[in-house]
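This report refers to the structure that appears directly beneath it.
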Amino acid sequence: MTNGTPSTQSAVKAVESDGIVIVTLDQPGTSANILSDSMFDQLESEISPWIERTDLRGLILYSAKPKIFVAGADLVAINETLDRADKEIIAWCDRGRAVMGLLRRAPFMTVAAIHGACVGGGFELTMWCDKRIATDDRRTVIGLPESKLGLVPGWGGTFHVARIGALKNGNESAIEIQIEMVIGGGLLNSSGALESGLVDEVVTNEGSSLLDAAHNMIEREASGDEFRKRRAAIESGFETAPDGEALAHKFGVEIVNNREIFPFAPTVALEHMIRVADQPLQDAADSESVAMSQVYGSPASYGLINNFFLGDHNRKNPGHVDVKLADKVVKKVGLVGAGMMGRLIAKANLARKIEVIVIDNDPSQLEAIASELGGDGLTVTGDYSGFADCDLVIETASENAETKKRILTEIEQHVDPTTIIATNTSAIPVSSLATALKNPGRFCGIHFCHPTIMLMTEVIKGEKTGAATMANAVAYVRSIRKTPVAVHDCAGFVVNRVLSALLDQSLRSLEQGHLMISIDGAMRQFGFAAGPFEVVDIIGADTCMYAGQSMWSAGQKCVSSSVILPRLVKLGRTGRKAGSGFYRYTSADGLPELDPETGTILEPYINDNLPVTDEPEAQTQKMVEQILSAAALEASRILEEGIVNDCRDIDLAVIHGFGFPAHHGGILFWADRYGLDKVVSNLEEIAQIEPRLAPTQKLKEMSSGNLRFYAT
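Heads up: the sequence shown begins at 621 in the working numbering, then just goes up one per residue.
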């Protein structure tokens, strides 16, 4: 404790003025306060002496950081200790709550003054205070995102949200808010937190208004008994238990149906939260520690924490690009093509207030996009004259190299010499398209995996693409809130090479006698939102076929000459858009239905040479592992070829590019944890039929040397 000027090296500084203590969190050398063992030691050291004082009127918990109140627990330390014993995890949870609980032991009122992100352990810390005040700044958000890391809140979050919220909203409403927050991991802005009762007041972020409001709250309420009554209500929990069966059904169904949430941690949290709602706080706390020990170090926690670090890595190093060279702000984008992809790209740009002009030679397409997206910022036209002042022009034509070259030539004739020109091709090498341009230095690929659903956008560096062009393209992608990975040129780039390997091996499994619905079901069980044949129907069999042909002709080994896709295309069964593909689509929601005709169509191509086995589940599991091993092989080839800088670029791309399950951490992270020796063994078995899928020498060396893609 200090009384005056505190040490500049301390992360926690407490100063008293006129009977009110301000405890300021300001971890040196970082933009965020992190709850580490050291931070807990300092919190305990600084707060403990003050709560023995009976002459004080209140305490304010405050952060000196301009953007982040407290970012939560130290994820680096958690990642390094995922293998620790249950008793250590329980002790860690108990320790954190004991320190935070000092705020509730104070004989005076405590208020958390929140500005900036207050998430995870940071939000849990504030809930041990009597009241919370937040700024209305857009950076001020609160929430408990632990489920997105495969964990549960461990410092009071699993019981505090409902108990605090019940003081305003009633028991049933409060516990539903709590369950939504914990199992969904979503964040609330300050107004949403006020409405739910999780903060008590919202103020502007001007000057000293936040601290002034906290002082005023203490002045108004410290002399009464309200804060003590609130403490008693929180300590005792609900008077009657909630309808646990109804809640378990409602939210259990939500967990199962939401593929972004891996069931394990949310299921553990749900059972715990319902059970302890009416229990005394200490019993609820003990149960929370056990719940954390059940999920800490689970396979999902390893994968989801890796996924978090993938994003952190990308923010600092998005790949083959020098971001410091960016010197252009994209304010107006031209799009050639008003089809589905053009509309989606336009929508993503308009959402970020970027002006868009769309050209198409089909008036009906222009009419459709104007009807759907029309308003401020959108212009549709039938000629190129409006492109003169565009900062960036993207062609979105179908996957035909000659068509794209013709369009690129036309674009170059109508834009300013400084305009960036890009192609949204999904598979055609950018360098081959660049031959149509007089100035290929300003040309690159910007491959939107799905502009409104997927975050991933590949920025492709052709042989002659300039460094500044890449930097500006990456900056543009970030400006529309997408995740860029800058990659070197090749047919299919990263996302479609790995996806094609996965889909191709799925086709091989089908030809070998595995049932289509078994393959799709097994891959959904692994964690994909849709099985491989459902994915083909979503993308379109024709699109998959043309992309595959581009990669096949370029010598990529991720695809083969399967006749199944051409057969479907010839029959017009191109997928959801046509009403039929591998499945049939008759309902308005477009859900896949089994189609008896599919079996008849596929029958000539099924070898049905699967060995008879008494272990069908093991056989299905082996099939899944072989499909994933083929995808891992292609990912390893991409890394060996230098298409990306880092294995993390690939794993981020597949998670956010085609929905590889985040709780597995990425295809190469999965391969590490599954075992490279088993990956190699699977590939050697596959290669007996498909020699192109033999493991590379590098992969075999890594396997024999017990090496991993992730070194630590």
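Every residue, glycine too, gets a C-beta built ideally from N, C-alpha and C.
Whole-angstrom distance between residue j and residue i, CA atom to CA atom
i: S913; j: P773; result: 11 Å
i: F660; j: D694; result: 11 Å
i: S828; j: N836; result: 12 Å
i: D903; j: S630; result: 34 Å
i: P983; j: N1044; result: 22 Å
i: A1399; j: S683; result: No answer is possible for residue 1399: the residues shown for the chain start at 621 and end at 1332.
i: N699; j: R1204; result: 44 Å
i: V956; j: A1017; result: 7 Å
i: G736; j: K685; result: 8 Å
i: G1262; j: V632; result: 46 Å
i: S1051; j: I1158; result: 29 Å
i: A905; j: D750; result: 18 Å
i: Q1317; j: S1324; result: 11 Å
i: H1108; j: T760; result: 38 Å
i: T622; j: L867; result: Reliability fails at T622, whose pLDDT of 37 lies under 50, so the model's placement of it is uncertain and the value that follows must be treated cautiously. Taking the straight line joining both Cα atoms gives about 48 Å.
i: S1120; j: E1245; result: 16 Å
i: A1095; j: Q1169; result: 32 Å
i: A1251; j: I797; result: 40 Å
i: P1315; j: E1305; result: 10 Å
i: I894; j: V731; result: 28 Å
i: P626; j: D756; result: Its pLDDT being 38, under 50, P626 is placed unreliably in this model, and the coordinates cannot settle the point.
i: E855; j: V696; result: 32 Å
i: K707; j: L1253; result: 39 Å
i: P1212; j: D1140; result: 11 Å
i: E1369; j: E672; result: In the structure displayed, the chain extends from 621 to 1332; residue 1369 sits before or after that span and is not available.
i: A718; j: P648; result: 24 Å
i: P689; j: V1183; result: Note on identity: in this sequence residue 689 is Phe, with Pro being the wrong assignment. For F689 and V1183, the distance between alpha carbons rounds to 58 Å.
i: Y1004; j: V949; result: 22 Å
i: G805; j: T1055; result: 48 Å
i: D980; j: Q1125; result: 37 Å
i: G954; j: V1156; result: 30 Å
i: K1197; j: G1160; result: 7 Å
i: T628; j: I1258; result: A caution first: T628 carries a pLDDT of 46, below 50, which makes its placement in the model unreliable, though a value can still be read off. If you take the alpha carbons of T628 and I1258, they lie about 48 Å apart.
i: P883; j: A1282; result: 12 Å
i: G624; j: V641; result: Any answer about G624 is weak, because its pLDDT of 38 lies below 50 and its placement is not dependable; what the coordinates show is given next. About 11 Å.
i: R758; j: R972; result: 16 Å
i: I667; j: E815; result: 30 Å
i: E1015; j: K936; result: 29 Å
i: E987; j: Y1166; result: 28 Å
i: P1071; j: I1100; result: 10 Å
i: E1321; j: R1328; result: 10 Å
i: L702; j: N1227; result: 45 Å
Contact belief for residue i with residue j at Cβ below 8 Å, rounded distance in angstroms
i: L1053; j: K1024; result: 6 Å
i: F1113; j: I1066; result: With a Cβ gap of about 11 Å, F1113 and I1066 do not count as contacting.
i: M801; j: L831; result: About 27 Å separates the two Cβ atoms, so there is no contact after all.
i: P1049; j: A1174; result: 7 Å
i: A968; j: I989; result: In fact, because the Cβ distance is near 13 Å, the residues do not count as touching under 8 Å.
i: V823; j: I753; result: 6 Å
i: H1276; j: L1075; result: 4 Å
i: G770; j: H1284; result: Going by Cβ atoms, the distance from G770 to H1284 rounds to 11 Å, so no, they are not a contact pair.
Residues that DSSP places opposite residue i in a beta bridge
i: T999; result: I977
i: N809; result: V761
i: T954; result: According to the sequence as given, residue 954 is Gly; it is not Thr. Paired residue(s): I977, V1013.
i: D645; result: Rather than Asp, the amino acid found at residue 645 in this sequence is Leu. Its beta-bridge partners are V632, S683.
i: V823; result: T755
i: V1200; result: According to the sequence displayed, residue 1200 carries Ser and not Val. G1195, R1204.
i: G939; result: A1106
i: I640; result: S637, G678
i: E846; result: Beta-bridge pairing links E846 to no other residue.
i: I1040; result: L1012
i: E1213; result: R1204
Taking the runs of the alpha helix (DSSP H) that are 4 residues or longer, which of them lie wholly in the segment 1050-1127? Given a length threshold of 4 residues, each whole run of the alpha helix (DSSP H) inside the segment 1050-1127 is given here in chain order: 1050-1053, 1087-1099.
Meets three-Cβ-pair contact criterion under 8 Å: the segment 796-814 and the segment 830-844: Contact between the segment 796-814 and the segment 830-844 is absent, because fewer than three Cβ pairs lie under 8 Å.
Using 8 Å as the Cβ pair cut-off and three pairs as the minimum, do the segment 1032-1050 and the segment 1233-1252 touch? No: fewer than three Cβ pairs fall under 8 Å.
Could you tell me which whole beta strand (DSSP E) segments of length 3 or greater appear in the segment 712-747? Along the length of the segment 712-747, whole beta strand (DSSP E) runs at least 3 residues long occupy 729-734, 737-739, reported in chain order.
Does the structure place the segment 1131-1140 close enough to the segment 1287-1300 that three or more beta carbon pairs sit under 8 Å? Under the 8 Å Cβ criterion, the segment 1287-1300 does not count as touching the segment 1131-1140, having fewer than three qualifying pairs.
Would you mind listing the beta strand (DSSP E) stretches within the segment 647-716 that are 3+ residues and don't spill past its ends, in chain order? The segment 647-716 contains these whole beta strand (DSSP E) runs: 678-683, 688-690.
Flag this pair as touching only if the segment 940-959 and the segment 1085-1097 have three or more C-beta atom pairs under 8 Å; answer yes or no. These segments touch.
Is it true that the segment 1248-1268 meets the segment 1221-1228, where meeting means three or more beta-carbon pairs spaced less than 8 Å apart? At 8 Å Cβ cutoff, the stretches do not touch.
At 4 residues or longer, and completely inside the segment 884-913: list those alpha helix (DSSP H) runs for me, N to C. Entirely contained in the segment 884-913, the alpha helix (DSSP H) runs reaching 4 residues are, in chain order, 884-896.
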